[in-house]
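To start, the structure itself, in structure tokens.
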Amino acid sequence: QDLTDLQKRFTANAEEYAKEFPLRAAYFDALDSLKESSKVKLREVLGKGDTDPKKKAAFLLEQVPQGVSIFKLEQTLARMKEAAEKRESETSKRWHANFDYAEARLLSRLVYLYEYNYTMGQIRNDALPELTAGQNGWRVGVTGQKINVTEKKAKDYAKETKKLWKQIQDEYPDTPWSLLAQRESMTALGLQWRGKSD
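For the sequence shown, position 139 matches number 894 in the working numbering, and the numbering has no gaps at all.
Structure (structure tokens):
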């Protein structure tokens, strides 16, 4: 059966499907959650005039959908951890790889959202970098592998993600999953505001 057919079976009755195939159901669950999370609007640019006190309060509201997305992804992650306890019931190595890859992507998205939220918080805390002559605002840019968010949970997720990408490369060598994991593991998750002049 191809993936689309299996997904239709999952969508038709997720609960029943999960009883029979816990890992596969968790994989489809993760895909749905990631798809939903990708629709959350994330601000990348901030104008010079956007930092007055009145507008600052609005940034808190802007962060609400990100917070909701984090909450939902964490619920999905909890369901994945539950499904992982029944890993032995899944005999297909391919589905083990699918599951591991989806979990790593879910964790990676969580790290990114935590980091992004922290970066947005800097607007309200007056922690934006000074603008130089000719700059008219700020843009969010990547800083590298290391995240700046101080929250322990986010740091734990980042460690877990790194470990999982490595595990996928080790356990499924010379496969598409290994190549994807290698590429994903190089994604920079650290963010910061930088002055912009365009």
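Backbone N, C-alpha and C fix where the C-beta goes; we use that ideal spot for every residue, glycine too.
Problem set entry | R849 classed as buried or exposed, judged by whether at least 16 other C-beta atoms fall within 10 angstroms | So R849 ends up on the exposed side.
For this session: Enumerate, from N- to C-terminal direction, the unbroken alpha helix (DSSP H) stretches of 4 or more residues contained entirely within the region 797–845.
Result: Fully enclosed alpha helix (DSSP H) runs of 4 or longer: 808–817, 819–839.
Exercise. Can you tell which of H851, T942, T874, Y912 has the C-alpha that lies nearest to the C-alpha of P777?
Worked result: Cα-wise, what sits closest to P777 is H851.
Problem set entry | Selection from T831, L801, P931 that minimises the alpha carbon distance to L865 | Check the Cα spacing between L865 and each of T831, L801, P931: the tightest is with T831.
Exercise. Less than 8 Å separating the beta-carbons of K917 and S940?
Worked result: Going by C-beta atoms, K917 is nearer than 8 Å to S940.
Exercise. On the premise that V897 lies in contact with A943, defined as a C-beta separation below 8 Å, what is that separation, rounded to the nearest angstrom?
Worked result: With a Cβ gap of about 4 Å, A943 and V897 count as contacting.
Problem set entry | Through-space distance from S824 to D911, alpha-carbon basis | Looking at the two C-alpha atoms, the distance is approximately 18 Å.
Problem set entry | Whole-angstrom distance between G802 and A785, CA atom to CA atom | For A785 and G802, the gap between their C-alpha atoms comes out near 35 Å.
Exercise. Got a sec, what are the start and stop residues for the beta strand (DSSP E) G892 sits in?
Worked result: Segment 892–899, the beta strand (DSSP E) holding G892.
Exercise. Whose C-beta lies closer than 8 Å to the C-beta of Y1033 among residues of the same chain, with five residues either side of it excluded?
Worked result: Nothing can be reported for residue 1033: it is not among the residues displayed for the chain, which extend from 756 to 953.
For this session: Would you tell me roughly how many angstroms separate the C-alpha atoms of K796 and L886, rounded to the nearest one?
Result: Near 25 Å, if we compare the C-alpha coordinates of L886 and K796.
Exercise. For K951, which of helix, strand or coil comes out of DSSP?
Worked result: In the structure shown, K951 sits in a strand (DSSP, three-state: E or B).
For this session: Provide the residue span of the alpha helix (DSSP H) that contains S793, from first to last.
Result: Run containing S793: none; DSSP gives neither H nor E here.
Exercise. Who are the near neighbours of A780 in its chain, counting only those whose CB is closer than 8 Å to its CB and skipping five residues on each side?
Worked result: Within the same chain, A780 has close Cβ partners F765, A769, Y772, A773, A838.
Exercise. In terms of residue numbering, what span does the alpha helix (DSSP H) encompassing I923 cover?
Worked result: Note, I923: alpha helix (DSSP H), 907–926.
Exercise. Is the number of C-beta pairs between the region 810–823 and the region 888–896 that are closer than 8 Å three or more?
Worked result: Judged by Cβ distances under 8 Å, the region 810–823 makes no contact with the region 888–896, as fewer than three pairs qualify.
For this session: Go through its chain and collect everything with a Cβ distance to M875's Cβ below 8 Å, but skip five positions before and after it.
Result: For M875, where only same-chain residues beyond five positions count, the Cβ hits under 8 Å are R798, F814, E817, Q818, Q821.
Exercise. Candidates R842, W948, L861: which alpha carbon is nearest K790's?
Worked result: When the alpha-carbon of K790 is set against those of R842, W948, L861, the nearest one is in L861.
For this session: Name the residue from G899, E926, F826 whose alpha carbon lies nearest to the alpha carbon of N853.
Result: Looking at G899, E926, F826, the one whose alpha-carbon comes closest to that of N853 is E926.
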